[in-house]
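Chemist:
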Amino acid sequence: MIIALLLVLVALAVTTAIVRQRPVAAEISPNEQVMVDGTLRKFRQVVPHSLLDPAPVVFALHGIGDSPESMAGYSQLDRLAADNGFLLVYPAAHSAMWTSMQFDPDNLDANPDVIFFDRLLMNIAQRFSIDRDRIYVVGMSNGATFAQLLVAARSSEIAAVVAHSGSK
1 MIIALLLVLV ALAVTTAIVR QRPVAAEISP NEQVMVDGTL RKFRQVVPHS LLDPAPVVFA
61 LHGIGDSPES MAGYSQLDRL AADNGFLLVY PAAHSAMWTS MQFDPDNLDA NPDVIFFDRL
121 LMNIAQRFSI DRDRIYVVGM SNGATFAQLL VAARSSEIAA VVAHSGSK
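The numbers in my numbering rise by one with no breaks, and the one at position 28 of the sequence shown is 28.
#1: Determine whether the beta carbon atoms of Val34 and Arg119 lie at a separation below 8 Å.
#2: What are the boundary residues of the beta strand (DSSP E) that Ile135 is part of?
#3: Among all the DSSP beta bridges, which residues are the ones paired with Phe59?
#4: Could you tell me the alpha carbon to alpha carbon distance between Phe117 and Ser100, rounded to whole angstroms?
#5: Could you tell me whether the segment 122-134 touches the segment 77-84, where touching means 3 or more Cβ pairs closer than 8 Å?
#6: Indicate the three-state DSSP secondary structure (helix, strand or coil) for Ser174 in the structure shown.
#7: Evaluate Pro56 with the Cβ neighbour count: other Cβ atoms within 10 Å of its Cβ, from every protein chain shown; 16 or more gives buried, anything less gives exposed.
#8: Would you tell me roughly how many angstroms separate the C-alpha atoms of Leu7 and Ile64, rounded to the nearest one?
#9: Mind checking which residues open and close the alpha helix (DSSP H) that includes Pro112?
#10: Take the Cβ of Gly38 as the centre, count every other Cβ of all protein chains shown within 10 Å, and call the residue buried at 16 or more, exposed below.
#11: Looking at the secondary structure, which residues open and close the beta strand (DSSP E) in which Gln33 lies?
#12: In whole angstroms, what separates the C-alpha of Ser156 from that of Gly139?
#13: With distances taken between CB atoms, is the gap from His62 to Gly143 smaller than 8 Å?
#14: Taking buried to mean at least 16 other C-beta atoms within 10 Å of its own C-beta, is Gln45 buried or exposed?
#15: Three-state secondary structure (DSSP) at His94?
#16: Could you pull the start and end residues of the beta strand (DSSP E) that Leu40 belongs to?
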């Protein structure tokens, strides 16, 4: 019984290693940029080779001090996007932190990161056929806080939000 269990665990470990080594079937652009009120804002974009038409869009928001690349690393969303045909966008927070703590709750439209989201969504919509009914946001830690603020500001644009805080 113990030998069978060990064999199953070894097989699982080998399978996981093989899957992680398999190339992601997508075009990954880590240094995309969009101009927002005179400032170049960066984002990472993953376009699956089998992109759906129209495509769902997932925005993945990193935590404080993290980056789009680190969010991609610990979330493993690139492969999920490639396997399921959705467009994946990792915006980069300005100064490594989303503007989710200090903002005017009566004027969310003035929040610089809400404006960034608007410009980014407009940029994506101009370049790809996207499904406006399937715009999603996932956030980690400070990104989760901003995801909740963002859905409050853009509830007509965002279909759903996943907010996670804690261990990566």
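Beta carbons are placed, not taken as given, at the ideal position from N, Cα and C, and that holds for glycine.
Modeler: So, from the listed chains and residues:
#1: By 1-based counting over the sequence shown, the position of residue 34 is 34. By 1-based counting over the sequence shown, the position of residue 119 is 119. Closer than 8 Å, so yes.
#2: Residue 135 sits at position 135 when you count from the first residue of the sequence shown. First-last of the beta strand (DSSP E) with Ile135: 130-140.
#3: Against the sequence shown, residue 59 aligns to sequence position 59. Note: Phe59 sits in a beta bridge opposite Val89, Val137.
#4: Along the sequence shown, read from residue 1 onward, the residue named residue 117 stands at position 117. Along the sequence shown, read from residue 1 onward, the residue named residue 100 stands at position 100. Whole-angstrom Cα-Cα distance: 13 Å.
#5: no
#6: Lying outside 1 to 168, the shown extent of the chain, residue 174 is not represented and no answer is given.
#7: Within the sequence shown, residue 56 is the residue found at index 56, counting from 1. So Pro56 counts as buried.
#8: Position 7 of the sequence shown, counted from the start, is the residue given in the question as residue 7. Position 64 of the sequence shown, counted from the start, is the residue given in the question as residue 64. Only weak support exists for where Leu7 lies, its pLDDT of 44 falling under 50; the value from the coordinates is given anyway. Answer to the nearest angstrom: the Cα atoms are 41 Å apart.
#9: Taking the sequence shown and counting its residues from 1, the one referred to as residue 112 is at position 112. Counting along the chain, the alpha helix (DSSP H) containing Pro112 begins and ends at 112-127.
#10: Position 38 of the sequence shown, counted from the start, is the residue given in the question as residue 38. Exposed.
#11: Numbered from its first residue, the sequence shown carries residue 33 at position 33. That run of the beta strand (DSSP E) goes 26-36.
#12: Start at 1 with the first residue of the sequence shown, and residue 156 comes out as number 156. Start at 1 with the first residue of the sequence shown, and residue 139 comes out as number 139. Roughly 18 Å separates the two Cα atoms.
#13: The residue given as residue 62 occupies position 62 in the sequence shown. The residue given as residue 143 occupies position 143 in the sequence shown. Contact: yes.
#14: Taking the first residue of the sequence shown as position 1, residue 45 is located at position 45. Classification for Gln45: buried.
#15: Here residue 94 refers to the residue found at position 94 when the sequence shown is read from its first residue. Helix.
#16: As a first step, residue 40 must be located in the sequence shown, where it is residue number 40. Segment 39-48, the beta strand (DSSP E) holding Leu40.
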